[in-house]
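Residues in the sequence shown are numbered consecutively from 114, following the numbering used here.
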Amino acid sequence: MLLMPLLAEATTVFQGTPGNNGSLPVTSPSPSFPNVINFANLEGQITSLPPAAQANCENNGLQCPTFNSAQYASQGVTISSPDSLIIYPFSDQTGGGIELFDPGTGGDLDGTANITISLAGGVSELAVGLSDFDDPVNVTLNVLGPGGTILDSVNVSAALEAATLTTGQTYFVAEDTIPDIYGLQITQTIQTDGSGLALAEVEFTPEPSTFLLVIGGGLAMIGSTRLRKRA
């Protein structure tokens, strides 16, 4: 009975206030997120490159380090793309100035993107900062539930195109009344040479592993109650 509410779905996706040169978001439209990943800790992978490679990464997005999808597994988060993600030293949204850039099909900067954020457990809120997109775009956010099921699918192209004319970056929140959000898939399908899509930040609440502990604790309590009754 305790697990029955997890079957309910009331997922919504809305656009927040984008960050600007050091903060994402400026004013959060949701309760404060206790868990924030802004990729600042990846900067050392760029600065440790040979000088020529570092300059090529900073100026052209080439020879940048490849992101390890399990980098944040200890926080219950994996971030991946079929084309791999590169660690790119440019982001107006975060103080670290680092973002994860999807180079597109075959890694040739063709403008397409397919980024998946997977969580070890369910959360009630999952937010992402997006940047480095150019008009035109065709971007869809798929909110993922248990087992990769799609809870909600929202095309955010109009919002991104509007952001292109202002900040060139924006911020979206997937929210539910219960912690049944297990991830987010971000796809960009229009090919534009030299363009792409980047992930500037990930925020979520509660921590995925915390929710798993709550469920595990609940099941343990049920088991101990049954044992006592048999005794």
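Backbone N, C-alpha and C fix where the C-beta goes; we use that ideal spot for every residue, glycine too.
Asked, Found
"Helix, strand or coil at residue 159 [DSSP, three-state]", "helix"
"Contact under 8 Å by Cβ, residue 233 with residue 321", "yes"
"3-residue-minimum beta strand (DSSP E) runs that sit fully inside the stretch 190 to 246, ordered along the chain", "190 to 193, 199 to 201, 212 to 215, 226 to 236 and 238 to 244"
"Straight-line gap, residue 165 to residue 297 (C-alpha atoms, nearest Å)", "35 Å"
"Span separating the alpha-carbon of residue 212 from that of residue 203", "6 Å"
"Distance CB(residue 185)-CB(residue 228) smaller than 8 Å", "no"
"Whether residue 159 touches residue 190 by CB criterion (8 Å)", "no"
"Which listed residue (243, 248, 267 and 262) has its alpha carbon closest to that of residue 346", "Here the chain has residues from 114 to 344 only, and residue 346 is not among them."
"Contacting residues, own chain, Cβ-Cβ under 8 Å from residue 127 (five flanking each side not counted)", "142, 285, 286 and 288"
"Buried/exposed call for residue 263, threshold 16 Cβ in 10 Å", "exposed"
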